[in-house]
Amino acid sequence: MIESLTPILYDFKRSFLRLSTLLFLILFTIGGIGTSYLSYNAMITQYPPVNMMALVYEENNTCVFMGIVYDMKGELVDRANIKFNNPVNDSVLADYNVNGNFTINDKGLCKVLKKYVNEEKYSVEVKISTSMGESTLYIRPIEQLPQTNFWPLATRAYITILTKKLPKTISPFPSNIGVPSEIPVAIVWDQLILLSKSSGEAKLVLMALNITNSVNNYKPRFTIEYSFIKSESFTPGMFGFGEVKVPENLSYNLLDELRNEYFGVYSLRLDVNKTDLVLRFKYDNSSSIQTINYELLFPIEAIYAGALSSTAGLGLFVQFFPIVFLYLAYSLMAKPRSIGALEFILARPVTRWDIYLTRYLAGILTAFITTAALVLSVYFGNILLLGTTLDTYSWILLYFGIVGSLIAFYSLFYLLASSIRSSAYLAIGIMFYLLFTLFWNIIILIFALTIGGGFAAYTEYTYLLAYFNPKCSATYSNYYINLHYEIIKEVPTANPLLAVISTILWIIGTFILGYCIFRRINLSS
Amino acid sequence: MIEIKGVSKRFGDFLALDNVSFNIRNGEIVGYVGLNGAGKTTTIRIAVGVLQPDQGDVLINGYSIVHDKRRASRYIGWVPEQPIFEPDAKALDYFVYLAGYYGYSASEARSLGKKLLEEVGLGNALYKKLKEYSQGMKKRFALAVSMINNPDNYLFDEVLNGLDPQGIAFFRDLAVKFRKEGYAVLFSSHILSEVENIADRVVFIHKGRIIREMNIEEIRALIKPILKIKVDRVDDRIKAILDKYGIINIKAREKIVLIEEPSTDSSEIVGVLVKNGYRVEEVSMVKSSLEKVFFKIIGEER
Chain A
1 MIESLTPILY
11 DFKRSFLRLS
21 TLLFLILFTI
31 GGIGTSYLSY
41 NAMITQYPPV
51 NMMALVYEEN
61 NTCVFMGIVY
71 DMKGELVDRA
81 NIKFNNPVND
91 SVLADYNVNG
101 NFTINDKGLC
111 KVLKKYVNEE
121 KYSVEVKIST
131 SMGESTLYIR
141 PIEQLPQTNF
151 WPLATRAYIT
161 ILTKKLPKTI
171 SPFPSNIGVP
181 SEIPVAIVWD
191 QLILLSKSSG
201 EAKLVLMALN
211 ITNSVNNYKP
221 RFTIEYSFIK
231 SESFTPGMFG
241 FGEVKVPENL
251 SYNLLDELRN
261 EYFGVYSLRL
271 DVNKTDLVLR
281 FKYDNSSSIQ
291 TINYELLFPI
301 EAIYAGALSS
311 TAGLGLFVQF
321 FPIVFLYLAY
331 SLMAKPRSIG
341 ALEFILARPV
351 TRWDIYLTRY
361 LAGILTAFIT
371 TAALVLSVYF
381 GNILLLGTTL
391 DTYSWILLYF
401 GIVGSLIAFY
411 SLFYLLASSI
421 RSSAYLAIGI
431 MFYLLFTLFW
441 NIIILIFALT
451 IGGGFAAYTE
461 YTYLLAYFNP
471 KCSATYSNYY
481 INLHYEIIKE
491 VPTANPLLAV
501 ISTILWIIGT
511 FILGYCIFRR
521 INLSS
Chain B
526 MIEIKGVSKR
536 FGDFLALDNV
546 SFNIRNGEIV
556 GYVGLNGAGK
566 TTTIRIAVGV
576 LQPDQGDVLI
586 NGYSIVHDKR
596 RASRYIGWVP
606 EQPIFEPDAK
616 ALDYFVYLAG
626 YYGYSASEAR
636 SLGKKLLEEV
646 GLGNALYKKL
656 KEYSQGMKKR
666 FALAVSMINN
676 PDNYLFDEVL
686 NGLDPQGIAF
696 FRDLAVKFRK
706 EGYAVLFSSH
716 ILSEVENIAD
726 RVVFIHKGRI
736 IREMNIEEIR
746 ALIKPILKIK
756 VDRVDDRIKA
766 ILDKYGIINI
776 KAREKIVLIE
786 EPSTDSSEIV
796 GVLVKNGYRV
806 EEVSMVKSSL
816 EKVFFKIIGE
826 ER
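In order, the protein sequence lines correspond to chains A and B.
When you number the first sequence by the working numbering, it's gap-free, plus one each residue, and the end is 525.
When you number the second sequence by the working numbering, it's gap-free, plus one each residue, and the end is 827.
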């Protein structure tokens, strides 16, 4: 074999460090980061990038503003700026720099809120700014909502400021409060954020106020417990309002013990075989139960994974990056072979096999490294921008799916480059490229419409015909990532084993066939 | 030592080489002469291993180029008539790349490249792209690459073709230097006079077959002095008068008598002619050319 790695590295250098490759890589890296933005946008249409759960209360001439600021994954942010604006004249009523879990004493705040919201009937805008993004919510005047803003209970008056998924309004009075009917001891507001459907990983953001201390110094021990049940007949839509029967003998785990005012973000692992989270608020011998259905919650990771692996995301790379490999096979094989430059190389202590293999490996190495560069840039772009990412399984699948597809394309182009003259190579290469990328969907459609099944069978034919396309591994990795995140349903015609075999055949078959031709071809110009 | 053993090669219906065999011994420059298309380049391409022979083999220092190419290629350098490289590569980079195939690391190859390219007169064009090189520079570059492993066998294919006088002198001197160092050198050309001054031996190829192998002395012996005499008339008698002075060749129409290798001085012959009543108009001494010898050799085979 070749005694030094220099030729392989040199050919790699020439293929990887060529302007076209780098330009494309930069383009697709930007595209990759763009993908992060797309995923980000897809997510913030469903979840605000930052959210706040807070309350203001006034008691004995003090005004307390406390709460938490968290991102769409339920993580508390490091730093946030909260501004209370008068939207009529844009004047800032109050401005605070806070951390994720804050308590502020400011008499002025209660004063302005009372003045503008209660007396002058303005909608006060609350703007939360963080490095992750911004969210705006409103404290609306009394007329627009049935409840009072300041909720007088004993000596305290409360206002809760919180955002929920949709719509992004605040309700000054919690809508789903777990207030035991006999004595109003607690106000509970929750938001359940499902991170991963497969693992059941979730965040429960909870505001629970033990307000009993304001009532006659009555201070029972107040705990929050949780459990899971499988509801039989749940009407999808607004969660938390279904008719769910909770069995009496359900056993609970302790989530937390409630102090006076409490905000908490709890990491929960939801039972994926059940459908509802049951929260029990317990004091003395009384309790109140609240259920949150999570069966139909769309997990954060699925929105992200869906956007990432879509045609607009990394699919763009899979679709267009083979052009780079069309050109690489041209410059590494078709062109030097046609002009006769390989002959001089062959006069070195190498065989035709060495030359064939070296230049092939240079392209393969380029495929591995460009894909790694892309995937890493997307990965870090996502971590920085979104603070979220796919799981390792998906990244590995994604990486090898793309690499497999690029290598299969390169092998096909390399076969063409080894066997036909460079002038014909580009024409035929581009034809194959167009066939397998841009025109492929039309072919699938024709199959579906002519052979049977019609439009409905399109998806099935997609996976059936994918075996005959070098893009097979990318198509299948995308399919399995989407399946993994339950974005799509299983397709009966999809067969992972055949996909692997197809990819291997695309790579090895074209490689061997190319060598059989190259072995005998005249290398002089 | 290069041993070409019974090499045949066919391109479609065309028999390019027909059982070609000859040796180039160490310390010897062999001229390989034939018309364009005779099969010189095909022989050389097979000898360096870039073309597979249909039959036969070439041994480089005893190693088969067909069966043990990696080893055999280490001992042979090749300067093609029109070297072709990847045009966008820079000279030194490409040298480093090719040296990699000999097992040189990039840094070793870099310093070796600078040294060898300097040696062949390309010291000021190390960082030029190969497409900017002239034909002569490309040949020098091919030579520098051929010298990477310091082989003791060299094949120069029509190397003087298209070179300026400086380039011609460079390659001639180099061949002579290589011979002095005991290397085996094959110097192909379609012009016999090109190899006459340097070759020890000439192998003639014609239509894919080796038709003659001659020492340079034998070739030179074929070049004979001819006395050319123009007279006022030629008749039967003149041949009889001059016959004893050498081989007589009469061109009646031009009234010219040619005496090959005259046995005596030209003045004596002129004297004899005048005495016999011929008027001698012009006398000169001419030499038969190498090209004539070459065509004669080929013609003999025709």
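Using N, Cα and C, we set each Cβ at its ideal position, and we do this for glycine too.
All of these numbers come straight from a predicted model, not from anything done at the bench.
No Cβ-Cβ contact shorter than 7 Å links residue 89/A with residue 125/A.
Against chain A, the CB of residue 623/B has a partner CB under 7 Å away; the residue lies at that interface. Residue 67/A is positioned such that its CB atom lies closer than 7 Å to that of residue 54/A. Using a Cβ-Cβ cut-off of 7 Å, residue 351/A counts as an interface residue toward chain B, since at least one Cβ of chain B sits closer than that to its own. Taking C-beta separations shorter than 6 Å and ignoring five residues to either side along the sequence, the partners of residue 528/B in its chain run 548 and 584, following chain order.
Beta-carbon to beta-carbon, residue 71/A and residue 87/A are separated by about 25 Å, too far to satisfy the 8 Å threshold. Cβ contact annotation for residue 600/B (same chain, cutoff 8 Å, sequence separation greater than five): 585, 586, 588, 674, 676, 677 and 678, in chain order.
Residue state for residue 682/B is assigned as strand, using DSSP reduced to three classes. For residue 594/B, the chain A residues whose Cβ falls inside 7 Å of its Cβ are 351, in order along the chain. A straight line joining the alpha-carbon of residue 108/A with that of residue 204/A spans about 32 Å. The distance from the Cβ of residue 363/A to that of residue 410/A is about 5 Å, consistent with a contact at the 8 Å cut-off. Look at the segment 322-341 of chain A: the residues with a C-beta under 9 Å from a C-beta of chain B are 331, 335, 336, 339, 340 and 341.
Around residue 541/B, the same chain offers 534, 535, 564, 567 and 733 as residues with beta carbons nearer than 8 Å, after the five sequence neighbours per side are excluded. Counted as a single uninterrupted DSSP element, the beta strand (DSSP E) harbouring residue 280/A occupies residues 276-283. In the structure shown, residue 67/A falls within a strand segment according to DSSP collapsed to helix, strand and coil.
Taken in chain order, the members of the segment 572-588 of chain B whose beta-carbon sits within less than 7 Å of a beta-carbon on chain A are 573, 574 and 575.
Taking a C-beta distance under 7 Å as the contact criterion, residue 254/A and residue 202/A do not qualify as a contact pair. Annotation: Cβ neighbours of residue 608/B in chain A (cutoff 7 Å, chain order): 344. Within the same chain, Cβ atoms closer than 7 Å to the Cβ of residue 317/A are found at 28, 31, 374 and 402, the five residues on either side in sequence being excluded. DSSP places residue 603/B inside the beta strand (DSSP E), whose first and last residues are 602-604.
Under the DSSP assignment, residue 424/A falls in the alpha helix (DSSP H) whose first and last residues are 422-436. In the structure shown, residue 533/B adopts extended strand secondary structure according to DSSP, grouped into three states. Around the beta carbon of residue 276/A, a 10 Å sphere encloses 16 or more other beta carbons of the protein chains shown; the residue is thus reported as buried. In chain order, 575 make up the part of chain B whose C-beta sits under 7 Å from the C-beta of residue 523/A. The segment 607-626 of chain B and the segment 648-656 of chain B touch, with no fewer than 3 CB-CB distances between them shorter than 8 Å. Judged by DSSP in its simplified three-state form, residue 556/B adopts strand. The DSSP-derived three-state label of residue 195/A is coil. Looking at the backbone, the Cα of residue 615/B and that of residue 21/A are separated by about 19 Å. Against residue 424/A, chain B offers no close residue; the least beta-carbon distance is about 20 Å (beta-carbon pairs closer than 8 Å). Distances from the CA of residue 303/A to each of 499/A, 23/A and 488/A were compared; the closest alpha carbon is that of 488/A.
Those residues of the segment 674-700 of chain B placed with their C-beta closer than 7 Å to a C-beta in chain A do not exist. For residue 598/B, a Cβ of chain A is located within less than 7 Å of the residue's own Cβ. For residue 486/A, the three-state secondary structure derived from DSSP is coil.
Taking all protein chains shown into account, residue 290/A has 16 or more neighbouring C-beta atoms within 10 Å of its C-beta and is therefore buried.
Contact annotation: the segment 438-448 of chain A does not touch the segment 342-351 of chain A, with fewer than three C-beta pairs closer than 8 Å. Collapsing the DSSP output to three states places residue 494/A in coil.
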